[in-house]
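Colleague: Please find one structure pasted underneath; my questions will follow.
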Amino acid sequence: MAESTSELERYLRLTPKSKALWEDAKNYLPGGDSRNSIFWAPYPIFVDHASGCHVVDSDGVDRLDFIGTMTTLVLGHSPKPVVDAVQEQMSKGMVYNAPSAHQVRLAKLLCERIPSFDLVRFTNSGTEATLNTIRAARAVTGKSKIAKVEGGYHGSHDQVSVSVRVDPAKAGERSRPDSVAATEGLGDGTLDQVVVMPFNET
């Protein structure tokens with residue numbers, strides 16, 4: 441217990457600006473952040489800038505980033521070739537309300553490199569990707585239930601907001617976990633439509 445207390449004390453000592461930003465943010469953002477999936481008590485670290493595998497917080501503390509925005513930053517933060525390509529594209533327009541040749545080239549590249557890809561649907565987030573995937577699976581199979589692994593995070597829509605961070609007292613049997621709401625406000629019947637499987641077991 442002493443070790444965890446000292447870690448907490450160290451965290452509080454090193455992050456006063458993050459705490460102040462979080463206190464201010466709570467006045468404008470629910471919970472003080474737009475992404476409740478990455479919130480950790482007592483408050484999150486607010487990042488000022490990042491490069492490569494390093495993030496520097498608002499207090500100037502340089503930290504190694506082992507998360508990479510849940511692996512979306514496989515090239516690290518701000519790699520020069522990516523920054524250059526984005527800047528070039530931004531000069532041509534940010535968002536089109538129509539298709540472009542870029543999406544065709546990328547879809548073709550993915551389909552050619554990954555044999556199991558017949559077609560590709562691009563989305564803005566993992567939440568949209570899993571939402572569309574579940575909807576397509578239900579349309580194709582005619583079945584409404586889905587299965588997910590206990591502890592897995594797959595976005596923030598109702599169907600996957602089940603058994604993400606589970607209190608062991610509510611989890612049920614290890615071999616057959618219960619479906620536990622990850623948040624309040626899920627639609628009626630959501631938990632009945634999700635079969636939760638134990639992690640790393642067959």
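Following my numbering, the numbering of the sequence shown begins with 441 at its first residue and continues without gaps. We put the CB at the ideal spot given by N, CA and C, even for glycine.
1) Under DSSP, the alpha helix (DSSP H) around M530 begins and ends at which residues?
2) Is it buried or exposed, T570, if we count other Cβ atoms within 10 angstroms and call 16 or more buried?
3) Count the CB pairs spanning the segment 502-509 and the segment 482-494 that are closer than 8 Å, and state whether there are at least three.
4) What does a CB cutoff of less than 7 Å around L461 pick up in its chain, not counting 5 residues either side in sequence?
5) Along the beta strand (DSSP E) that carries L504, what are the first and last residues, could you check?
6) Taking Cβ positions, are D603 and A622 nearer each other than 8 Å?
7) Within 10 angstroms of its Cβ, does M441 collect 16 or more other Cβ (buried), or is it exposed?
8) Would you list the residues sitting across from G612 in a DSSP beta bridge?
9) Would you identify the three-state DSSP class for R453, choosing helix, strand or coil?
10) With DSSP run on the structure shown, which of helix, strand or coil describes H542?
11) Please list the terminal residues of the continuous beta strand (DSSP E) segment that includes M637.
12) Would you mind stating whether A611 and V620 have Cβ atoms separated by less than 8 Å?
13) Would you list the one or two residues that DSSP bridges to V560?
14) State the start and end residues of the unbroken beta strand (DSSP E) segment that holds A577.
15) Unbroken beta strand (DSSP E) runs of length 3 or more, entirely within the segment 463-512: which are they?
Modeller: To lay it out plainly:
1) Secondary structure note for M530: its alpha helix (DSSP H) is the uninterrupted segment 520-530.
2) T570 is buried by the Cβ-count criterion.
3) A contact exists between the segment 502-509 and the segment 482-494.
4) Same-chain partners within the cutoff: F486, S498.
5) Annotation for L504: the continuous beta strand (DSSP E) segment containing it runs 502-504.
6) Checking the sequence shown, residue 603 turns out to be Ser, not Asp. By the CB criterion at 8 Å, S603 and A622 fall inside the cutoff.
7) Only weak support is given to the placement of M441: the predicted model assigns it a pLDDT of 47, under 50, and the value that follows is read from those uncertain coordinates. Answer is exposed; the Cβ neighbour count stays below 16.
8) Answer is P617, bridged to G612.
9) In the structure shown, R453 sits in a helix (DSSP, three-state: H, G or I).
10) In the three-state scheme derived from DSSP, where H, G and I count as helix and E and B as strand, H542 is classed as helix.
11) From DSSP, the beta strand (DSSP E) with M637 extends over 634-637.
12) Yes, these two residues count as a Cβ contact at 8 Å.
13) Per DSSP, none; premise fails for V560.
14) Per DSSP, A577 lies in no beta strand (DSSP E) segment; the continuous alpha helix (DSSP H) that holds it begins and ends at 566-581.
15) The beta strand (DSSP E) runs lying completely inside the segment 463-512 and spanning 3 residues or more are 487-491, 494-497, 502-504, given in chain order.
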